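Here my numbering is used: the first residue of the sequence shown is 1, the next is one more, and so on. Ideal placement from N, C-alpha and C gives every residue a C-beta, glycine not left out. On a predicted model such as this, the values are computed, not experimentally measured, just so you know.
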Amino acid sequence: QVQLVESGGGLVQPGGSLRLSCAASGRVFSITRMGWYRQAPGKERELVATITNGGITLYADSVKGRFSISRDPPRNAVVLQMNSLKPEDTAVYYCNALYQLASYLNSWGQGTQVTVSS
1 QVQLVESGGG
11 LVQPGGSLRL
21 SCAASGRVFS
31 ITRMGWYRQA
41 PGKERELVAT
51 ITNGGITLYA
61 DSVKGRFSIS
71 RDPPRNAVVL
81 QMNSLKPEDT
91 AVYYCNALYQ
101 LASYLNSWGQ
111 GTQVTVSS
């Protein structure tokens, strides 16, 4: 199993920046990809950004050029740097790890609230 613990998030004004971090523990050697998803009230959970072990990144169109995802291998962590935040970025952000044991499995963090408001 893989466990994820998120940190960061909070309240920020439009145009501001926030940094989310997610540390993995457990069978971290089995992780193939990590990333961030978000869910706004009344909406479905959606992909924000992912990064593979090889460093290949994928971003939602809505965050391209504003958000940046990176890995911190010594801490088995993934970081999401969010710049030029907009009110529509307000959501609960969830860390995700895709890992492979006998089959591919997903692990989710508990979620962290990001609110963009003046």
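task: Kindly list the residues whose CB is nearer than 6 Å to the CB of I107, restricted to its own chain and excluding five residues on each side of it in sequence; keep chain order.
output: This sequence places Ser at residue 107; Ile is not what is there. So the qualifying residues of the chain are V2, L4 and A97.
- prompt: Counting pairs of Cβ atoms below 8 Å between the region 19 to 29 and the region 69 to 83, do you hit three or more?
  reply: Flag = yes, the region 19 to 29 and the region 69 to 83 touch.
- prompt: Could you give the distance in angstroms between the alpha-carbon of G109 and the alpha-carbon of M34?
  reply: When rounded, the distance between both Cα atoms is 11 Å.
message: Would T57 and T32 qualify as a contact pair, given that the criterion is a beta-carbon distance under 8 Å?
response: Not in contact: T57 and T32 (Cβ atoms no closer than 8 Å).
field: Cα-Cα separation, N83 to D61
entry: The alpha-carbon atoms of N83 and D61 are separated by roughly 15 Å.
message: Just to confirm before moving on: does the CB-CB distance between Y94 and R27 stay below 8 Å?
response: Contact: no.
field: Cutoff 6 Å; reference Q13; Cβ partners in own chain excluding five residues on either side
entry: Excluding the 5 residues flanking it on each side, Q13 has same chain C-beta neighbours closer than 6 Å at S118, in chain order.
- prompt: DSSP state of S25, grouped into three classes?
  reply: It is a strand residue.
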